[in-house]
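Numbering (our numbering), first residue to last: 24 to 318.
The C-beta atom is built at its ideal place from N, Cα and C for all residues, glycine as well.
What follows is a set of notes on a single structure, which appears directly below.
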């Protein structure tokens, strides 16, 4: 039997938090944005907004959270909802569950990319398996198969896969504090800015092709590991002119015809988010809705 009450939804990102209140059917009631600062400060503001929203609209019965990480996503583990080792100041040890304990309701927590993948999956009924990659402040991938986000003992860390870097073409050694020239260290927004002093909106064709090539290494890897019906690429970096076409061309070349479904025109295989910038919050609402159904 489905639960009753409202759903509190959070899309927690490195730059901003999107907060929403929704009905059990997923209809948006109210929405708000706050800037991401230190963990305790941000989560306190988040909790305060939900307290006010609850007073305005009625009781919250469950929360769905799609968040940046690394973060504990195993509900049975003591670190559920707790941030792990991250270079983002003030976030290691911060806890969603502690911040929302005042409401006394269940909390469903997953990664921001799993949440976005879930939102995109709901928006595309033709898919059985879908992979969503965000390329922005960081890089991450979520994979949904038959409506279920996939994980292992923890969430995937696709942004830390190391692509092939040719130093003669790209002298930039990468900015990841752990791996240097992993995907996030080479192709994230901050890496692009550090390398060239500007973002991809001001990039040359050669620069666009370089970044798209790194992302094509990831795309080809996702195809070989998961055989997804659709690869969705979102985030600020992917809004640059020409990058999606270059990504498709280079992914096809890297696969070399080995996977027939990813040979030829890939305009229906490698796509921008159908939900645009709302994929994450829609996915967070869905996480909360599923939690509410179990109450």
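- Residue 34 is bridged by DSSP to 41 and 89.
- If you draw a 10 Å sphere on the C-beta of residue 196, you find fewer than 16 other C-beta atoms in it, and that means exposed.
- Burial state of residue 247 is exposed, judged by a 10 Å Cβ sphere holding fewer than 16 other Cβ atoms.
- For the pair residue 206 and residue 233, the CB atoms are not nearer than the 9 Å cut-off.
- In this structure, residue 136 lies away from residue 88, with their beta-carbon atoms at least 9 Å apart.
- In the assembly as shown, residue 58 is an exposed residue. Its beta-carbon has fewer than 16 other beta-carbons within 10 Å.
- Sorting 156, 252 and 148 by C-alpha distance to the C-alpha of residue 140 places 156 at the top.
- In the structure shown, the three-state DSSP call for residue 123 is coil.
- Residue 96 sits in coil when the DSSP states are folded into three classes, being neither helix nor strand.
- Residue nearest to residue 293 within the set 264, 216 and 275 is 275 (criterion: CA-CA distance).
- The beta carbon of residue 62 is closer than 6 Å to those of 113, 114 and 117 in its chain, skipping five residues each way along the sequence.
- Under the three-pair Cβ rule at 8 Å, the stretch 298-316 does not count as touching the stretch 260-272.
- Counting of Cβ neighbours within 10 angstroms places residue 169 among the exposed residues, the total staying below 16.
- DSSP places residue 268 inside the alpha helix (DSSP H), whose first and last residues are 266-278.
- Residue state for residue 316 is assigned as helix, using DSSP reduced to three classes.
- Remark: C-beta atoms of residue 119 and residue 35 approach each other more closely than 9 Å.
- Here residue 147 is near residue 253, since their CB atoms are less than 9 Å apart.
- By the Cβ criterion, the stretch 93-113 is in contact with the stretch 168-184, since at least three pairs of Cβ atoms, one from each stretch, lie closer than 8 Å.
- One thing to note: residue 121 has its Cβ within 9 Å of the Cβ of residue 104.
- Annotation: residue 151 to residue 250 spans about 10 Å, alpha carbon to alpha carbon.
- Taking C-alpha positions only, residue 267 is separated from residue 284 by approximately 18 Å.
- With at least 16 other beta carbons inside 10 angstroms of its own, residue 198 counts as buried.
- Residue 54 and residue 281 have their C-alpha atoms some 45 Å from each other.
- Collapsing the DSSP output to three states places residue 158 in a strand.
- Beta-carbon to beta-carbon, residue 209 and residue 186 are separated by about 7 Å, close enough to satisfy the 8 Å threshold.
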